[in-house]
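Trainee:
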Amino acid sequence: MLLTLTDLIGTFAFALSGGLVAVRHRLDLFGVLVLAIAAAVAGGVLRDVLLDVTPAAIADWRYPVTAIAAGLVCFAWHERVERLRNPVQLFDAVGLALFAVLGAGKALQFGAGPFAAVMLGVLSGIGGGIARDVLVAQIPAVLQRELYAVAALAGALVVVIAAAFDLPATPAAFAGAGLCFLLRLAAIRRGWRLPVAGGGE
Amino acid sequence: MLLTLTDLIGTFAFALSGGLVAVRHRLDLFGVLVLAIAAAVAGGVLRDVLLDVTPAAIADWRYPVTAIAAGLVCFAWHERVERLRNPVQLFDAVGLALFAVLGAGKALQFGAGPFAAVMLGVLSGIGGGIARDVLVAQIPAVLQRELYAVAALAGALVVVIAAAFDLPATPAAFAGAGLCFLLRLAAIRRGWRLPVAGGGE
Amino acid sequence: MLLTLTDLIGTFAFALSGGLVAVRHRLDLFGVLVLAIAAAVAGGVLRDVLLDVTPAAIADWRYPVTAIAAGLVCFAWHERVERLRNPVQLFDAVGLALFAVLGAGKALQFGAGPFAAVMLGVLSGIGGGIARDVLVAQIPAVLQRELYAVAALAGALVVVIAAAFDLPATPAAFAGAGLCFLLRLAAIRRGWRLPVAGGGE
Numbered sequence: 001m002l003l004t005l006t007d008l009i010g011t012f013a014f015a016l017s018g019g020l021v022a023v024r025h026r027l028d029l030f031g032v033l034v035l036a037i038a039a040a041v042a043g044g045v046l047r048d049v050l051l052d053v054t055p056a057a058i059a060d061w062r063y064p065v066t067a068i069a070a071g072l073v074c075f076a077w078h079e080r081v082e083r084l085r086n087p088v089q090l091f092d093a094v095g096l097a098l099f100a101v102l103g104a105g106k107a108l109q110f111g112a113g114p115f116a117a118v119m120l121g122v123l124s125g126i127g128g129g130i131a132r133d134v135l136v137a138q139i140p141a142v143l144q145r146e147l148y149a150v151a152a153l154a155g156a157l158v159v160v161i162a163a164a165f166d167l168p169a170t171p172a173a174f175a176g177a178g179l180c181f182l183l184r185l186a187a188i189r190r191g192w193r194l195p196v197a198g199g200g201e
Numbered sequence: 001m002l003l004t005l006t007d008l009i010g011t012f013a014f015a016l017s018g019g020l021v022a023v024r025h026r027l028d029l030f031g032v033l034v035l036a037i038a039a040a041v042a043g044g045v046l047r048d049v050l051l052d053v054t055p056a057a058i059a060d061w062r063y064p065v066t067a068i069a070a071g072l073v074c075f076a077w078h079e080r081v082e083r084l085r086n087p088v089q090l091f092d093a094v095g096l097a098l099f100a101v102l103g104a105g106k107a108l109q110f111g112a113g114p115f116a117a118v119m120l121g122v123l124s125g126i127g128g129g130i131a132r133d134v135l136v137a138q139i140p141a142v143l144q145r146e147l148y149a150v151a152a153l154a155g156a157l158v159v160v161i162a163a164a165f166d167l168p169a170t171p172a173a174f175a176g177a178g179l180c181f182l183l184r185l186a187a188i189r190r191g192w193r194l195p196v197a198g199g200g201e
Numbered sequence: 001m002l003l004t005l006t007d008l009i010g011t012f013a014f015a016l017s018g019g020l021v022a023v024r025h026r027l028d029l030f031g032v033l034v035l036a037i038a039a040a041v042a043g044g045v046l047r048d049v050l051l052d053v054t055p056a057a058i059a060d061w062r063y064p065v066t067a068i069a070a071g072l073v074c075f076a077w078h079e080r081v082e083r084l085r086n087p088v089q090l091f092d093a094v095g096l097a098l099f100a101v102l103g104a105g106k107a108l109q110f111g112a113g114p115f116a117a118v119m120l121g122v123l124s125g126i127g128g129g130i131a132r133d134v135l136v137a138q139i140p141a142v143l144q145r146e147l148y149a150v151a152a153l154a155g156a157l158v159v160v161i162a163a164a165f166d167l168p169a170t171p172a173a174f175a176g177a178g179l180c181f182l183l184r185l186a187a188i189r190r191g192w193r194l195p196v197a198g199g200g201e
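Chains as they are written, first to last, in UniProt numbering: chain A, 1 to 201; chain B, 1 to 201; chain C, 1 to 201.
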């Protein structure tokens with residue numbers, strides 16, 4: 001119950017990021033909703049398609065409905081949402097942490113090896129942002145911006161390593177999500193970035 | 001039989017739109033064929049992958065062959081096809097109506113809930129155009145242009161609502177397709193558009 | 001064994017192309033790795049999703065690890081890799097030939113019809129390059145550049161035609177791969193291109 005609630009908060013935060021990008025690119029109302037849905041569910045859908053499982057976003061209507069609600073909020077009050085950038089980034093970090101950890105756990109549960117589980121955890125976390133940016137013909141921010149995917153990677157790694165050593169899954173998930181969340185917050189505050197080949201800016 | 005024929009006409013029309021976009025971006029012959037196929041089958045393929053069904057475009061060679069034929073037509077006579085924009089838009093509206101209605105029906109048949117069925121119906125109708133535009137690094141027209149997805153949405157809704165009330169499926173499909181087709185035609189004629197956040201042009 | 005080794009060489013070469021594109025677009029370290037993986041595995045993953053099979057890149061960790069290694073090589077020594085363009089193109093041609101032939105064979109094995117098998121073989125060969133270019137918001141090179149997909153098409157055709165006539169599969173695969181490889185080499189050397197509609201450059 002608590003898990004689903006947090007999951008839906010993450011979905012809402014991801015969808016807000018999609019809706020804002022759509023408004024900035026002057027998409028129409030439908031475009032705003034599509035980007036909200038894509039940003040919120042694409043990561044999980046990709047993971048589930050690769051695991052050959054029915055995607056959660058198809059099986060459970062609460063995910064797309066939450067994303068649509070976030071899209072409508074962006075459409076109606078985009079200026080206010082833009083000004084709330086800090087709280088939105090906070091929720092987004094919650095979403096990233098949850099999606100990475102739950103994604104890796106789901107992959108393990110459906111028989112993926114440890115390496116694939118880490119990759120699918122990261123994909124769950126970042127797939128939505130990639131779909132969002134591809135749909136407005138931009139290079140995905142996650143491939144360029146301050147530390148984002150690495151936080152997801154750290155969270156997914158904790159889950160998979162814990163499983164490899166037969167440690168209990170629930171505390172491992174909390175630890176992984178906490179690590180991911182804190183890494184992402186620190187990256188935002190301090191502007192941590194990954195290096196670029198050849199250096200320079 | 002009649003259904004398949006209409007379905008192939010829709011496929012042909014969608015493929016023409018892909019081929020024309022490819023020619024305008026000066027893609028080579030292969031690029032024209034790829035965009036024709038992508039525009040014609042991507043929506044249905046996405047729907048079937050999400051439903052975990054073998055995509056019709058893989059199972060039945062007539063769909064890709066029809067798309068390839070449309071691509072060759074665009075390649076050889078693109079100026080003439082450009083001038084036929086009105087009939088092509090007409091066929092495209094037929095395709096949209098059919099794909100949305102059949103897509104929603106197929107989703108229901110394979111166990112999707114009503115909400116997911118509407119989304120998959122819309123996706124069947126608009127997925128091809130999105131794939132086409134992403135492949136030439138443009139923001140998908142369906143996210144910006146005059147009423148297009150909303151017509152698909154209306155058609156899919158009719159099918160799903162009828163199923164929810166146990167009304168007979170065939171007349172519902174005709175009604176949904178008719179509504180979608182007329183909405184789309186009216187949108188083209190009168191330039192109906194969805195609003196953009198913040199208004200203005 | 002020899003097959004897997006060659007397959008991994010192809011994966012490495014495809015991943016190098018992804019890593020180089022990422023470095024040129026100034027993506028960060030993570031972006032370089034994502035593009036290396038996408039370029040190496042997207043074609044096969046797409047094929048396997050359409051065949052409803054667990055993707056090899058998920059089932060066998062050696063593929064993503066090889067791609068990541070190639071990405072790191074690009075990141076660390078991108079100037080040197082750029083200068084090795086000729087050998088890289090050679091490996092890439094090996095990868096293309098292998099992926100097209102193996103992709104068509106796998107499609108037949110999992111029950112695809114001959115037409116679908118040819119399409120899936122081509123998709124296996126070119127899907128990675130398409131994903132790579134879409135992720136940096138460029139029109140895929142394979143839709144514009146000198147003969148590339150046609151080489152994959154020729155290789156896949158040999159495999160599918162041989163199967164249709166019940167000829168032994170292994171020599172057919174060798175013949176198809178050889179044909180694809182030689183076509184691609186000749187296209188690079190002589191700058192063979194497909195025509196563009198309307199002609200002219």
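From the three backbone atoms N, C-alpha and C, an ideal C-beta is built for every residue, glycine too.
Run through chain C and tell me which residues come within less than 9 angstroms of residue 11 of chain B, C-beta to C-beta.
Mentor: Locating residue 11 of chain B in the second sequence gives position 11, counting from the first residue. Those within 9 angstroms of residue 11 of chain B in chain C number zero; the least Cβ separation is about 15 angstroms.
Trainee: When the Cα atoms are used, what is the spatial distance from residue 33 of chain A to residue 170 of chain B?
Mentor: As a position in the first sequence, residue 33 of chain A is number 33, starting the count at 1. As a position in the second sequence, residue 170 of chain B is number 170, starting the count at 1. Their Cα atoms are separated by approximately 30 angstroms.
Trainee: Does the distance from the CB of residue 55 of chain B to the CB of residue 50 of chain C come in under 8 angstroms?
Mentor: Locating residue 55 of chain B in the second sequence gives position 55, where the first residue counts as 1. Locating residue 50 of chain C in the third sequence gives position 50, where the first residue counts as 1. Their beta carbons are under 8 angstroms apart, which means residue 55 of chain B touches residue 50 of chain C by this criterion.
Trainee: For a contact defined as C-beta to C-beta under 8 angstroms, what are the partners of residue 193 of chain A on chain C?
Mentor: Against the first sequence, residue 193 of chain A aligns to sequence position 193. Going along chain C in sequence order, the residues near residue 193 of chain A (Cβ under 8 angstroms) are 28.
Trainee: Can you check which of these residues, A:6, A:71, A:103 and A:105, is closest to residue 197 of chain B by C-alpha distance?
Mentor: Here the question's residue 197 of chain B lines up with position 197 in the second sequence. The shortest Cα separation from residue 197 of chain B among A:6, A:71, A:103 and A:105 belongs to A:71.
Trainee: Please work out which residues of its chain come closer than 7 angstroms, Cβ to Cβ, to residue 110 of chain A, disregarding the five sequence neighbours upstream and downstream, and give them in chain order.
Mentor: As a first step, residue 110 of chain A must be located in the first sequence, where it is residue number 110. Counting only Cβ-Cβ distances below 7 angstroms, and skipping sequence neighbours, we find 51 and 53.
Trainee: Within 10 angstroms of its Cβ, does residue 121 of chain C collect 16 or more other Cβ (buried), or is it exposed?
Mentor: As a first step, residue 121 of chain C is located in the third sequence; it is residue number 121 there, counting from the start. Counting Cβ neighbours within 10 Å, residue 121 of chain C comes out buried, since at least 16 surround it.
Trainee: Between the alpha carbons of residue 152 of chain C and residue 104 of chain B, how many angstroms are there, rounded?
Mentor: Here residue 152 of chain C is taken as the residue at index 152 of the third sequence, counted from 1. Here residue 104 of chain B is taken as the residue at index 104 of the second sequence, counted from 1. Distance between the alpha carbons of residue 152 of chain C and residue 104 of chain B is about 36 angstroms.
Trainee: Consult DSSP for residue 23 of chain C and reduce its assignment to one of helix, strand or coil.
Mentor: Within the third sequence, residue 23 of chain C is the residue found at index 23, counting from 1. In the structure shown, residue 23 of chain C sits in a helix (DSSP, three-state: H, G or I).
Trainee: Do you know whose CA, among B:16, B:127, B:86 and B:98, lies nearest residue 75 of chain B's CA?
Mentor: Counting from one through the second sequence, the residue named residue 75 of chain B turns up at place 75. Measuring from the Cα of residue 75 of chain B, the nearest candidate turns out to be B:16.
Trainee: Residues of chain A with CB closer than 8 angstroms to the CB of residue 112 of chain B, please, in chain order.
Mentor: What you label residue 112 of chain B is simply residue 112 of the second sequence in a count that begins at 1. Near residue 112 of chain B (Cβ distances below 8 angstroms), the residues of chain A are 58.
Trainee: Determine, using beta carbons only, whether residue 139 of chain A comes closer than 8 angstroms to chain C.
Mentor: Taking the first sequence and counting its residues from 1, the one referred to as residue 139 of chain A is at position 139. Judged by the 8 angstroms Cβ criterion, residue 139 of chain A is in contact with chain C.
Trainee: Is residue 16 of chain C close to chain A, meaning its C-beta is less than 8 angstroms from at least one C-beta of that chain?
Mentor: On the third sequence, residue 16 of chain C is found 16 positions in, with the first residue counted as 1. No, residue 16 of chain C does not count as interfacial toward chain A.
Trainee: Let me check one thing: in DSSP terms, what residues is residue 266 of chain A bridge-paired to?
Mentor: Any answer about residue 266 of chain A is impossible in this case: the structure gives chain A only from 1 up to 201.
Trainee: Please list, in chain order, all residues of the same chain as residue 91 of chain B whose beta carbon is under 8 angstroms from its beta carbon, the five residues on each side excluded.
Mentor: One-based indexing of the second sequence puts residue 91 of chain B at position 91. The residues are 9, 10, 12, 13 and 16.
Trainee: Using a Cβ-Cβ cut-off of less than 7 angstroms, give me the residues of the region 148–160 of chain B that come near chain A, in sequence order.
Mentor: If the cut-off is 7 angstroms between Cβ atoms, the region 148–160 of chain B has 149 and 150 near chain A.
Trainee: Thinking C-beta only, is residue 125 of chain A closer than 8 angstroms to residue 40 of chain A?
Mentor: In the first sequence, the residue the question calls residue 40 of chain A occupies position 40. In the first sequence, the residue the question calls residue 125 of chain A occupies position 125. Contact: no.
Trainee: With 16 as the cutoff for other CB atoms within 10 Å, does residue 5 of chain B come out buried or exposed?
Mentor: Stepping through the second sequence from its first residue, residue 5 of chain B is reached at position 5. So residue 5 of chain B counts as exposed.
Trainee: 8 angstroms is my cut-off, CB to CB: does residue 166 of chain A come that close to chain C?
Mentor: Along the first sequence, one-based indexing puts residue 166 of chain A at 166. No - not a single Cβ of chain C is within 8 angstroms of the one on residue 166 of chain A.
Trainee: For residue 64 of chain B, does the three-state DSSP call read helix, strand or coil?
Mentor: Numbered from 1 along the second sequence, position 64 holds the residue referred to as residue 64 of chain B. Three-state DSSP puts residue 64 of chain B in a helix.
Trainee: Should residue 156 of chain C and residue 101 of chain C be called a contact, given that it needs their Cβ atoms to be closer than 8 angstroms?
Mentor: Walking along the third sequence from the start, residue 156 of chain C turns up at place 156. Walking along the third sequence from the start, residue 101 of chain C turns up at place 101. Closer than 8 angstroms, so yes.
Trainee: What residues from chain C crowd round residue 144 of chain A, counting only those whose CB sits closer than 8 angstroms?
Mentor: The residue you call residue 144 of chain A lines up with position 144 of the first sequence. What residue 144 of chain A touches in chain C: 26, 27, 28 and 31.
Trainee: Could you give the DSSP three-state label for residue 87 of chain B: helix, strand or coil?
Mentor: Working through the second sequence from its first residue, we reach residue 87 of chain B at position 87. Of the three classes helix, strand and coil, the one that applies to residue 87 of chain B here is helix, per DSSP.
Trainee: Alpha carbons only, please: which of B:150, B:143 and B:57 is nearest the one belonging to residue 114 of chain C?
Mentor: Counting from one through the third sequence, the residue named residue 114 of chain C turns up at place 114. The shortest Cα separation from residue 114 of chain C among B:150, B:143 and B:57 belongs to B:57.
Trainee: Interface residues of chain D around residue 4 of chain A at Cβ under 8 angstroms?
Mentor: Annotation note: the requested chain D is absent from the structure, which comprises protein chains A, B and C.
Trainee: Curious, which full-length alpha helix (DSSP H) runs of at least 4 residues does the region 123–179 of chain A contain?
Mentor: Within the region 123–179 of chain A, the complete alpha helix (DSSP H) runs of at least 4 residues are 149–164.
Trainee: 8 angstroms is my cut-off, CB to CB: does residue 91 of chain C come that close to chain A?
Mentor: Taking the third sequence and counting its residues from 1, one reaches residue 91 of chain C at position 91. Residue 91 of chain C does not count as touching chain A.
Trainee: Quick one: is residue 133 of chain B buried, meaning 16 or more other Cβ sit within 10 Å of its Cβ, or exposed?
Mentor: For this step, residue 133 of chain B is matched to residue 133 along the second sequence. Its Cβ being crowded by 16 or more others within 10 Å, residue 133 of chain B is buried.
Trainee: Counting only Cβ pairs nearer than 7 angstroms, list the residues of chain C close to residue 23 of chain B.
Mentor: For this step, residue 23 of chain B is matched to residue 23 along the second sequence. Near residue 23 of chain B (Cβ distances below 7 angstroms), the residues of chain C are 197.
Trainee: Going by DSSP, what residue range makes up the alpha helix (DSSP H) through residue 59 of chain B?
Mentor: What you label residue 59 of chain B is simply residue 59 of the second sequence in a count that begins at 1. 56–59 is the span of the alpha helix (DSSP H), which, as asked, contains residue 59 of chain B.
Trainee: I'd like to know whether the C-beta atoms of residue 107 of chain A and residue 116 of chain A end up nearer to each other than 8 angstroms.
Mentor: Locating residue 107 of chain A in the first sequence gives position 107, where the first residue counts as 1. Locating residue 116 of chain A in the first sequence gives position 116, where the first residue counts as 1. Going by C-beta atoms, residue 107 of chain A is nearer than 8 angstroms to residue 116 of chain A.
Trainee: Going by alpha carbons, who is nearest to residue 194 of chain A out of A:18, A:30, A:22 and A:148?
Mentor: For this step, residue 194 of chain A is matched to residue 194 along the first sequence. Residue 194 of chain A has its Cα closest to that of A:148, out of A:18, A:30, A:22 and A:148.
Trainee: Do residue 42 of chain A and residue 138 of chain B have their C-beta atoms closer together than 8 angstroms?
Mentor: Looking up residue 42 of chain A in the first sequence gives position 42. Looking up residue 138 of chain B in the second sequence gives position 138. In this structure, residue 138 of chain B does not lie closer than 8 angstroms to residue 42 of chain A by Cβ.
Trainee: Which word fits residue 191 of chain A, buried or exposed, when buried means at least 16 other C-beta atoms lie within 10 angstroms of its C-beta?
Mentor: Counted from its first residue, the first sequence places residue 191 of chain A at position 191. Result: exposed.
Trainee: So for residue 12 of chain A, helix, strand or coil by DSSP?
Mentor: Here the question's residue 12 of chain A lines up with position 12 in the first sequence. Residue state, collapsed to three classes: helix.
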